[in-house]
Amino acid sequence: MLPGCIANGTNSMITPMCPRLLLVLAVMLTACAEFQSRENTTYSAYSTDGAGVNDWLSEMHATHAMAPKQLQHMLSYLETEFKRKPGPGNCLRLALLLAAGDEPVRDRDRAMVLLNEKCPGQYTNSEKELAAILRQLLGELDESGKIIGDMSNRIMKMNQRIEELEQQQRELTNIEQTIQHRENMPGQENDE
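Note that my numbering gives residue 146 to position 54 of the sequence shown, counting from 1, and the numbers run on in steps of one.
This is the structure in C-alpha cells:
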C-alpha cells in the first residue's frame with residue numbers, strides 16, 4: 093500500500109494525497125516505457141555500394157579525433173576514391189569531409205562546388221537529404237561569414253572613429269590646460 097492513500101487503516105477512505113502519488117507513479121512508468129520502446133528501435137542505413145549515410149556520418153565523426161596528417165591522408169584517400177568511382181556516395185563522403193572536417197582539410201567552397209556540380213548519378217532518398225542538409229549548412233555558413241565580415245568592418249571603423257575622438261579629446265584637454273595656465277599667469281604677475 094502507498095503511504096498516505098489509506099486513512100484510519102481502512103480501504104474505504106482515500107486521502108487527497110493518493111491521487112497525486114498515483115499520477116506521479118503513472119508519469120514515471122510512462123516515461124520508462126517511452127525510453128524502453130526507443131531503446132529497441134533500429135535505424136536502417138540506406139546504402140550505396142556497401143556504405144550508407146550512417147556509415148559516412150560515423151566516419152566523419154571519427155575524423156574529429158584524427159591528427160592533421162591523418163586528416164590529409166583521409167582527404168587524399170577520398171579524392172582518389174571519387175576519381176576512381178565518381179558516384180553520389182564517394183562525392184558525398186568527400187563533400188562531407190570538406191564541409192564539416194577540421195581545419196586542415198576544411199574547404200567549404202570546394203564542398204559546395206562538389207554538391208552543386210560534380211556529384212553524378214542517382215541518389216537514394218537519404219543521399220538526397222544529406223546533400224540538401226550540406227547545401228543548406230554551407231549556404232548558412234557562407235551567409236554568416238558575410239555578416240561576420242560586415243560586422244568586423246563596422247567594428248574596425250568604429251574603433252578608428254573612437255581613436256580619432258580620443259585624440260580630439262586629448263587635444264582639447266591640452267588646449268584647455270594651456271588656456272587655464274595662461275589665465276593663471278597674469279594673476280600671478282599682479283600679486284608680485
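Glycine included, C-beta positions come from ideal geometry on N, C-alpha and C.
Taking the Cα positions, Lys220 is about 10 Å away from Val145. For Arg202, the uninterrupted alpha helix (DSSP H) segment begins and ends at 200 to 205. Put simply, of Met204, Phe174, Leu167 the residue whose alpha carbon is nearest the alpha carbon of Gln228 is Met204. Contact check for Leu222 against Leu184 passes: the beta carbons are separated by less than 8 Å. Here the region 156 to 164 makes no contact with the region 224 to 241; the two share fewer than three CB pairs at distances below 8 Å. Glu195 sits in coil when the DSSP states are folded into three classes, being neither helix nor strand.
In this structure, DSSP gives Ala157 a state outside helix and strand, which the three-state scheme calls coil.
By the Cβ neighbour-count rule, Leu264 is exposed, with fewer than 16 other Cβ atoms within 10 Å of its own. For the pair Thr216 and Pro180, the Cα-to-Cα distance works out to about 9 Å. Residues Ala191, Arg200, Ala203, Met204 of the same chain have their beta carbon placed closer than 7 Å to that of Leu230, with the five preceding and five following residues left out of the count.
DSSP, read as helix, strand or coil, puts Gly213 in coil. A residue is called buried once 16 or more other Cβ atoms fall within 10 Å of its Cβ, and Leu257, having fewer, is exposed.
The C-beta distance from Leu189 to Leu167 rounds to 6 Å, short enough to meet the 8 Å contact threshold. Spanning the alpha carbons of Lys238 and Gln269 requires a straight line of approximately 46 Å. In its chain, beyond the 5 residues on either side, no residue has a beta carbon closer than 6 Å to the beta carbon of Lys175.
Each residue's CA atom was taken as its position, placing Glu151 and Gln214 some 22 Å apart. The alpha-carbon of Leu206 is positioned some 55 Å away from that of Gln261.
A residue is called buried once 16 or more other Cβ atoms fall within 10 Å of its Cβ, and Asn182 is buried on that count. Between Glu171 and Leu186, the CB-CB gap stays under 8 Å.
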